[in-house]
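Each protein sequence line maps, in turn, to chains A, B, C and D. Oh and the first sequence: position 123 is 123 in the working numbering, straight run, nothing missing. Quick note: to get the working numbering, add 1000 to the position in the second sequence (first position is 1). Quick note: to get the working numbering, add 2000 to the position in the third sequence (first position is 1). Quick note: to get the working numbering, add 3000 to the position in the fourth sequence (first position is 1). Heads up, the beta-carbon is just placed ideally off N, CA and C, and yes, glycines get one too. From a predicted model like this one, the values you see are computed outputs, not experimental measurements. Here the structure comes first, spelled out in structure tokens, and everything after it is commentary.
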Amino acid sequence: MLDKNGIAKRIAKEIKNGYYVNLGIGIPTLVANYIPAGIEVVLQSENGLLGMGPFPYEGEEDPDLINAGKQTVTYLKGSAVFDSAMSFGMIRAQKIDLTILGAMEVSEYGDIANWKIPGKMVKGMGGAMDLVASAKNIIVAMQQVNKAGESKLLPKCTLPITGLRCVKKIVTELGVYDIHHEGGFILRERAPGVTIEQIQNATAGTLIIPGEVPEMVID
Amino acid sequence: MLDKNGIAKRIAKEIKNGYYVNLGIGIPTLVANYIPAGIEVVLQSENGLLGMGPFPYEGEEDPDLINAGKQTVTYLKGSAVFDSAMSFGMIRAQKIDLTILGAMEVSEYGDIANWKIPGKMVKGMGGAMDLVASAKNIIVAMQQVNKAGESKLLPKCTLPITGLRCVKKIVTELGVYDIHHEGGFILRERAPGVTIEQIQNATAGTLIIPGEVPEMVID
Amino acid sequence: MINKVVKNADEAIHDIHDGAVLMLGGFGLCGIPENLIAALLRKGVKNLTCISNNAGVDDFGIGLLLKTRQVKKMISSYVGENDEFERQLLSGELDVELIPQGTLATRCMMAGYGIPFFPTPAGVGTEVALGKQIVHHKGKDYLIEEAFEADFALVKAWKGDTAGNLIYRSTARNFNPLMAMAGKITIAEVEILVEAGELDPDQIHTPGIYVHRIFQGEKYEKRIEQRTVRKRL
Amino acid sequence: MINKVVKNADEAIHDIHDGAVLMLGGFGLCGIPENLIAALLRKGVKNLTCISNNAGVDDFGIGLLLKTRQVKKMISSYVGENDEFERQLLSGELDVELIPQGTLATRCMMAGYGIPFFPTPAGVGTEVALGKQIVHHKGKDYLIEEAFEADFALVKAWKGDTAGNLIYRSTARNFNPLMAMAGKITIAEVEILVEAGELDPDQIHTPGIYVHRIFQGEKYEKRIEQRTVRKRL
């Protein structure tokens, strides 16, 4: 079974040289720590920054330079700043090669719910609906089972939807899944030490097992 | 009767302090020469310049700094440059207070034709259709009679239309006219030495004469 | 060049009236019009509708106007980090309209560009789509969203000149140039106000035509919401 | 940072094929991609569709490609000052679509912003409206215009860096940043190419994400179309 960093490490392997990548808050943010050497990637932050660098050294924080999580960050050589309309313009026009997001639920058709829980204070969707509606390649990073022990890979989302038929791939503590275009989670890899049975028990939606399923290699 | 410079001089009196103004090619360009002292005006050139200055001194021409007529111009203190989409954006959003254009024909409803003569090589509308469709205040500067002696103030345009019901005021060699919202050229002023009869003969559309019509004062 | 300078924030907002629709620039607490918010507090105008990506925190930004109950309605994409906001929302004192961030930004921009509506895929199939026209175009569904109409846009820039030209600094740019284009009356506060002619025409983000009033702000706090750092090795 | 540099104009256009749809930046002869046009001449690709505000003059700019009959169709707002253009148009060799300048600019921008269509009042009641959907909105009529789709955008900037970030100079900006956003493949030629990190992030007009290939052009002629001057007193 993978921990959060394990999930991030596995997702990092999906990043190809030359990609522009948008990372959501939570596990997706960790992915930046595991981008393989020799792979040149540019991180976009939807508040208006391309080429997001690491956190500043203590004492060098600039209140004018933050990321979409409102954290102080830095420039890299070649960074560019722009307004929020251009930022979502490049998202809508599919200039971002890969978008990595967290989720509360994903359906077997690739629908995603990640912004609102009925009965709880609603904080807003931020940029999530724009991202999922336009991104050509979305990987979801999530825990497969919620705190109540229920699967979050569902036949149909029960929470309010963020976007329809948009998720392409999911990486959880148990495995890697692609979405079948006619519905279903295609099991591509098992996390180290995890059995098909464990995965089946943690998947409420249709699980598709394409013959032999390899154990993932993350290091 | 006014010459071109007289028409430009009369139009210059319509410009108020603090106006942003777009000047078309031809007589409108001359208006810049007659803006009264003490009146602060900013000229917009739709290729992407606010604060268009005069022609450069000989030897100081900059090929990168031109106006919409492709003429070399200069900056003023406070000029700003932007792309063509923002330029027409500010036109569409009616940030320009006054637009001064030439015309081949104007109808008594304020329709304007100024881009195409059937049978002649068509060069294109450039920005004219955008300007007339959006400007909140358009003054047309034109000769009232064409070379064949025919009036260009018509019941209805005969040439292909540039825009409908957009002209507010017309200044010609003979007079100043407002457009009546139900149709008609309201004669506001006569050019020096011009009679109502001369004006009537040079107006093919409905001429509305509101009582006594003063002779214009341009100096 | 036309001079847009006013004395201070109080003069700048003299005609903002009860019930006005305002746009306020900023993302989180980054690039917010601190001086103008303080002047709104002093003036005490009520029943404001605020279009702003966020709602500040309890004791800074728009949060200050929430505390004094000057805000009737917030139009935002994300309103976390604010207890008073939550209390007023749950008690029904405050009306909140949540819209996707890209849609919010684009509705501002389109107002500045004179384009009254536009299609976006954001929100299709979600509750954001309720009551909205859906258009199918080349194999994809879009919601039709409208340009905003705001009485006043309050923006914060880094540098500005007397002609109203603005330059923003780093990610404090965010919504500011979009809202600057969109306000019927746009008011800009800047950290550094210079004479017309001192800014490079190529570097201006917001041309002065969009800005009706400009002044140099004071005592910028520029609070950091999430101070994240790394250790020197 | 991702490196977008190619050796020269010929390498930059190696995959531009017969029948391609191109956008070419510039207003008149100001800010045109001189080196890329020269490379298209050398390559001899034919049946091009060129989206460009103007069509150059007889012996410069796109006029050069007209002379060699490499252009099948021009999509422009104004095509004066070109005898060969006129000859080909009247003889039926060349197809021309004239569209309002603001519509042209906005159709480029919308492609870059992922907005597939938009309303504009320009052209309502004119022959430009023929065959187009007309929408009535809040008391005014609008034509529905579509975002452009172009295989390649060829743009000219003043400065660029190896990551593809671009800065334009003065009114040579014009359509260039809009087309840069709009091309499926965007190729930029610059007068000055610098290392990533040498440009101020706040001053970049076109972020590198939009630019696929960049190179430093040579021997810029930057011809002036209407040399207008005033005498020193």
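Using C-beta distances below 6 Å, list every residue in its chain close to residue i, excluding the 5 sequence neighbours before and after it, in chain order.
i, result
"A1012 of chain B", "V1031, Y1034 and I1035"
"L2066 of chain C", "E2084 and F2085"
"A133 of chain A", "G163"
"L3199 of chain D", "D3161 and N3165"
"V1171 of chain B", "I1007, R1010, I1011 and A1141"
"V3250 of chain D", "One cannot answer for residue 3250 of chain D here, as it falls past the ends of chain D, which runs 3001 to 3233."
"R3223 of chain D", "L3029 and F3060"
Could you round the C-beta distance between residue i and residue j to whole angstroms and report it? I think they count as a contact, below 8 Å.
i, j, result
"G2208 of chain C", "G1089 of chain B", "So it is not a contact: roughly 15 Å between Cβ atoms."
"V1140 of chain B", "A1191 of chain B", "Not confirmed; about 15 Å, so no contact."
"V3128 of chain D", "L1164 of chain B", "Their Cβ separation, rounded to whole angstroms, is 12 Å, which puts V3128 of chain D and L1164 of chain B out of contact at 8 Å."
"K3184 of chain D", "D3161 of chain D", "22 Å between Cβ atoms; not a contact."
"V1206 of chain B", "G1175 of chain B", "Note that residue 1206 of chain B is Thr in the sequence shown here, rather than Val. No, T1206 of chain B and G1175 of chain B are not in contact; Cβ-Cβ is about 14 Å, not under 8 Å."
"S151 of chain A", "Q144 of chain A", "7 Å"
"G2025 of chain C", "V2155 of chain C", "4 Å"
"F2117 of chain C", "H3137 of chain D", "7 Å"
Give me the Cα-Cα distance between residue i and residue j, rounded to the nearest whole angstrom.
i, j, result
"E2081 of chain C", "I161 of chain A", "23 Å"
"G1026 of chain B", "A1008 of chain B", "10 Å"
"G3102 of chain D", "M2110 of chain C", "14 Å"
"I66 of chain A", "D2059 of chain C", "20 Å"
"M1 of chain A", "I15 of chain A", "22 Å"
"I3037 of chain D", "E2097 of chain C", "50 Å"
"V3079 of chain D", "I1199 of chain B", "37 Å"
"M216 of chain A", "V21 of chain A", "23 Å"
"V3190 of chain D", "N3053 of chain D", "20 Å"
"L1154 of chain B", "I1091 of chain B", "27 Å"
"S1107 of chain B", "R2213 of chain C", "39 Å"
"A2055 of chain C", "D62 of chain A", "21 Å"
"L3104 of chain D", "S3076 of chain D", "7 Å"
"Y109 of chain A", "G24 of chain A", "21 Å"
"K1070 of chain B", "S3170 of chain D", "13 Å"
"N3041 of chain D", "A2180 of chain C", "The question names Asn, yet the displayed sequence has Leu at residue 3041 of chain D. Their Cα atoms are separated by approximately 44 Å."
"A2196 of chain C", "T1072 of chain B", "22 Å"
"K2072 of chain C", "L2089 of chain C", "10 Å"
"V122 of chain A", "A128 of chain A", "14 Å"
"I1218 of chain B", "E1040 of chain B", "19 Å"
Leaving out the 5 sequence neighbours to the left and right, which residues in its chain are closer than 7 Å to residue i when beta-carbon positions are compared?
i, result
"G48 of chain A", "V81, F82, D83, S84 and S87"
"K2177 of chain C", "Sequence inspection shows Pro at residue 2177 of chain C; the Lys mentioned does not correspond to that position. Counting only Cβ-Cβ distances below 7 Å, and skipping sequence neighbours, we find Y2168, H2205 and T2206."
"V3194 of chain D", "K3159 and D3161"
"K2132 of chain C", "L2143 and I2144"
"G1193 of chain B", "M1001"
"D3018 of chain D", "V3045, K3046 and N3047"
What does DSSP give as the partner residues of residue i in its beta bridges?
i, result
"I3185 of chain D", "D:F3152"
"P192 of chain A", "Paired residue(s): none; P192 of chain A is not in a bridge."
"A1141 of chain B", "B:V1171"
"V21 of chain A", "A:L43 and A:L98"
"G150 of chain A", "Note that residue 150 of chain A corresponds to Glu in the displayed sequence, not to Gly. The partner list for E150 of chain A (beta bridge, DSSP) is empty, contrary to what the question assumes."
"R2230 of chain C", "A:Y57"
"Y3142 of chain D", "D:V3135"
"P2119 of chain C", "C:I2144"
"L1187 of chain B", "B:Y1177"
"C2030 of chain C", "C:F2027"
"V3096 of chain D", "D:M3074"
"E215 of chain A", "A:R190"
"A113 of chain A", "A:E105"
What does a CB cutoff of less than 8 Å around residue i pick up in its chain, not counting 5 residues either side in sequence?
i, result
"P118 of chain A", "L159 and P160"
"Y1057 of chain B", "none"
"K2998 of chain D", "Chain D is shown from 3001 up to 3233; residue 2998 of chain D falls before or after that span and cannot be answered."
"I2134 of chain C", "V2124, D2141, Y2142, L2143 and I2144"
"C166 of chain A", "G110, D111, I112, V132, A133, A135 and I138"
Does residue i come within less than 8 Å of chain F when only Cβ atoms are used?
i, result
"E182 of chain A", "The question asks about chain F, but that chain is absent: this structure's protein chains are A, B, C and D."
- Closer than 8 Å, Cβ to Cβ, to anything on chain A: give me those residues from the stretch 3099-3131 of chain D, in chain order. Closer than 8 Å at the C-beta level to chain A, one finds these residues of the stretch 3099-3131 of chain D: A3111, G3112, Y3113, G3114 and I3115.
- Message: Beta carbons nearer than 7 Å to chain D: which residues of the stretch 1083-1109 of chain B have them?
- Response: Answer set for the stretch 1083-1109 of chain B: D1083, S1084, A1085, F1088, I1091 and R1092.
- Item | Short-range partners of chain C found in the stretch 1034-1066 of chain B, where Cβ spacing is below 7 Å | Look at the stretch 1034-1066 of chain B: the residues with a C-beta under 7 Å from a C-beta of chain C are E1040, V1042, L1050 and G1051.
- Task: Using a Cβ-Cβ cut-off of less than 9 Å, give me the residues of the stretch 2176-2206 of chain C that come near chain A, in sequence order.
- Result: Those residues of the stretch 2176-2206 of chain C that come within reach of chain A (Cβ to Cβ, closer than 9 Å) are N2176, P2177, L2178 and H2205.
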